[in-house]
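As structure tokens, this is what we get:
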């Protein structure tokens, strides 16, 4: 649920709950044969290796420390557009060759762009790792950006926007809600881009973006799977090691949010909507930006309020009172800059959306005024931890968590210390962050409603 | 009222209604002895001279084609901060000398910054014009920007923000409403700046801003008053003519607005509020950006709906039904980029804000569905024109209107043709712009309310 939420309000596909999964009791990452290795090449490329010998598979990911929130003003969509362009071929490897190679091996490849990062990955048999590195190292600086390629791929991303955003009431609302939630920070701008700006993206924009951000000193290589760190180091030096260092980048400082004084709402009436729903959010600190303990407390608050069917919203408003069909909460703590904490709900049967909102507000107020017990917090910590065990089992999630942390301002140590920091959270800290950050008079709410009948 | 409104929602102090005032029957600007002169110096400085021999006074204004909407991302407030720095002295004229000279003459001087322009002006006896030109030409490129000056003046603008914005519920709401109204365009950022960004403005930011924007080829000189164009030309060549041309500026393209699909609202409850009020706005084209005739139709629509006590809102909702104490409309057609059209109201006696909104919405819907008569339009045109006669009588308004037009992408011809273009507007055009742009399902509304009592 948190994942969907994160997507919904900042265009960031960050897998927060799985972001710290390796430290579960099942298989400590610090056991000798599975120790995570972390080193850098001379040209600045950071490398993380996560050995996992359960199956003859490796996940190879290259993370660039650039996302849509780093785009120049007026050039929205360039980061995601560039993700597409990365598949268009180099002098050595024409378009389609990488895809064909991976498919031939029965592997898979993909890429994604968020507000904070752009990542490319392949899952292949270990013997193909050297080839994958060669492909990725080659396109890190060697892309051929012809006018023809730019024009046709721009049509592709425009069509992607039409299909994914323009044709969906939920997506349109989500975009305009996000533009309202953020008053100054570029998280308010959709990652896919505004249509009218995407239409203007050109070769010069793409070339400038590539020159500035695609370089070993702005990237993190993550290899998870059936391989040893020393092998990865040797292969990386033979491939990525030959890529020239790019220009030094200025500090990654985006325009930041002013304090919010108002509440706001954004409403879309649409004939495609049957059951009304709302989503209410606040901009809150994230792991990188929070005071010590606050991000951990927000993660647990999200779990206690609405992370699962054992949470308060679900138990009270869905099960006991039967007012809501849906009632949850989410926190996007892995974002580089302060991001959203949200609650959302939809009514059941003949109940109204206003009833759902009121019931959820009552729950939130109760938590703020009465706090939570040790027991409830312990149960939430246990649920939270159990949720991660499943996540850690997937090799790709492991690569994802390290890559995202390192490409978004975190460190390997942050990941390793995270379980202890979650364990240390007190009930008072959870109550305190709820009280400090979830002020109803400073919330932004989106309403997705059926067509208006007469008066609004 | 339009002036206040414009201030309220985009921080722009543009004097739209007076912007085309010279063409009233009272004193045609094209009469031989009062012809407006317009020429450029070799270094690119545009010059406008508006002879007015009724009194021995001249208004001398220098307009720079830069405002807060041109600021680099994250540097909000730099344009206005720079306006302050312009009074801090050059090698030839230490801080305070200009002010002392003008005061000694019994004149006055001031400056202002909007989203689109920054202007400096002095009103003095004609014999002091050469001195004023010398002062302004000197500080166009010769400012001394020491660390000490930067630090102390930054404290001044921070205090200005505290007094004018932070201490006013209306101003805080207006800022956050504006941030919501604009989803992508920098008009959403307050001209005075966000506090946290103003605090970081430094000498390097100021120097870069000055080098880029303060130059004869990015400025317009306007002289109105008891002086002949040839005299102004000679004096201008002796002063401004010696200032070196600055770097060529790229086209003035700011990030533009996507289409809005949602309605939104921004609410502030504040103990200082007694009577509730609302302001509802839409982003609409301006004179520079509109299809032919649309901006003129929007100006007349604003007059018909709520420009005066003869307008529909006032007559119907204040006078006849007695629901509202206040009910008006405004249009900011002089902005460089699409800007706000707004309606606003407050209840009378025991009536509620919801009643006022409903009554005004009914009026707006009536106009959209039933249109307006020729008679009503003619009366509105006449009122509009009469309102301008008073404005044109003030010499400073004349200078203001030409300076603003030329510094915001307009031309002398635009000003001269404006009365004819207003005369040509048809009732169908007024109805069409209302229908096209004032869609209630895509409006943004701000609510300024007394403290919430219990449930919101």
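Residue numbers (our numbering), protein chains in the order written: chain W, 18 to 473; chain V, 18 to 473. The beta-carbon is built from N, C-alpha and C at its ideal position, and this holds for glycine as well.
Asked, Found
"So that I know if they touch, is there some Cβ in chain W lying closer than 8 Å to that of residue 177 of chain V?", "no"
"Which stretch, first to last residue, makes up the alpha helix (DSSP H) that contains residue 149 of chain V?", "146 to 158"
"To the nearest angstrom, how far is it from the Cα of residue 275 of chain V to the Cα of residue 460 of chain V?", "14 Å"
"So for residue 448 of chain V, helix, strand or coil by DSSP?", "helix"
"To the nearest angstrom, report how far apart residue 467 of chain W and residue 284 of chain W are at their CA atoms.", "10 Å"
"Could you tell me whether any Cβ in chain C is nearer than 8 Å to the Cβ of residue 189 of chain V?", "Checking the listed chains, one finds no chain C in this structure; the protein chains it contains are W and V."
"Are the CB atoms of residue 465 of chain V and residue 290 of chain V nearer to each other than 8 Å?", "yes"
"Which term fits residue 97 of chain W, buried or exposed, when burial requires 16 or more other beta carbons within 10 angstroms of its beta carbon?", "buried"
"Identify whether residue 421 of chain W lies in helix, strand or coil by the three-state DSSP scheme.", "helix"
"Output, in sequence order along the chain, the residues in the segment 212 to 240 of chain W whose CB is closer than 8 Å to any CB in chain V.", "212, 213 and 214"
"Does any C-beta atom of chain W lie closer than 8 Å to the C-beta of residue 25 of chain V?", "Summary for residue 25 of chain V: the model assigns pLDDT 26, below 50, so the residue's position carries little reliability; its value from the coordinates is reported in the next sentence. No, no contact with chain W."
"At a cut of 8 Å, does the segment 259 to 275 of chain W reach the segment 197 to 216 of chain V through at least three beta carbon pairs?", "yes"
"Buried or exposed for residue 232 of chain W, going by 16 or more other Cβ atoms inside 10 Å?", "buried"
"For the segment 151 to 160 of chain V against the segment 230 to 246 of chain V, do three or more pairs of beta-carbon atoms, one drawn from each stretch, fall closer than 8 Å, so that the two count as touching?", "yes"
"Hey, could you find the ends of the alpha helix (DSSP H) residue 294 of chain V is sitting in?", "No alpha helix (DSSP H) holds residue 294 of chain V; the beta strand (DSSP E) holding it covers 294 to 301."
"Could you name the residues of the same chain whose beta carbon sits closer than 6 Å to that of residue 154 of chain V, not counting the 5 residues immediately before and after it, in chain order?", "256, 257 and 260"
"Considering Cα atoms alone, identify which of V:95, V:102, V:148 and V:108 is closest to residue 121 of chain V.", "V:148"
"In whole angstroms, give me the CA-to-CA distance for residue 195 of chain V and residue 124 of chain W.", "50 Å"
"Given this structure, state the Cα-to-Cα distance separating residue 187 of chain V from residue 55 of chain W, to the nearest angstrom.", "53 Å"
"Which complete beta strand (DSSP E) runs does the segment 196 to 241 of chain V hold, if anything under 3 residues is left out?", "none"
"Report buried or exposed for residue 184 of chain V, applying the criterion of at least 16 other Cβ atoms within 10 angstroms of its Cβ.", "exposed"
"What distance in whole Å lies between the Cβ atoms of residue 239 of chain W and residue 65 of chain W, which are believed to be in contact at a cut-off of 8 Å?", "5 Å"
"Against chain V, which members of the segment 245 to 278 of chain W pass a CB distance test of less than 9 Å?", "270, 271, 272, 273, 274, 275, 276, 277 and 278"
"Start and end of the beta strand (DSSP E) containing residue 343 of chain V?", "341 to 348"
"With a threshold of 16 other CB atoms inside 10 Å of the CB of residue 417 of chain V, please say whether the residue is buried or exposed.", "buried"
"Could you say which of V:424, V:342 and V:328 lies nearest to residue 397 of chain V if we only look at CA atoms?", "V:328"
"Following the continuous beta strand (DSSP E) through residue 68 of chain W, name the residue where it begins and the one where it ends.", "63 to 68"
"Is there a Cβ from chain V that is less than 8 Å from the Cβ of residue 283 of chain W?", "yes"
"Please say whether residue 80 of chain V and residue 141 of chain V have beta carbons closer to each other than 8 Å?", "no"
"From the DSSP output, in three-state form, read off residue 56 of chain V for me.", "strand"
"For residue 380 of chain W and chain V, any beta-carbon pair shorter than 8 Å?", "no"
"Is it the case that the segment 307 to 327 of chain W contacts the segment 343 to 360 of chain W, given that we only count it when at least three CB pairs across the two stretches are under 8 Å?", "yes"
"Can you tell me whether residue 306 of chain W is helix, strand or coil according to DSSP?", "coil"
"Bridge partners for residue 280 of chain W per DSSP, in chain order?", "V:284"
"Is residue 91 of chain V close to chain W? Criterion is C-beta to C-beta, closer than 8 Å.", "yes"
"Pop quiz: residue 341 of chain W and residue 447 of chain W are said to be a contact at Cβ under 8 Å. What is the actual Cβ separation, rounded to whole angstroms?", "Contact flag wrong, Cβ pair sits at about 23 Å."
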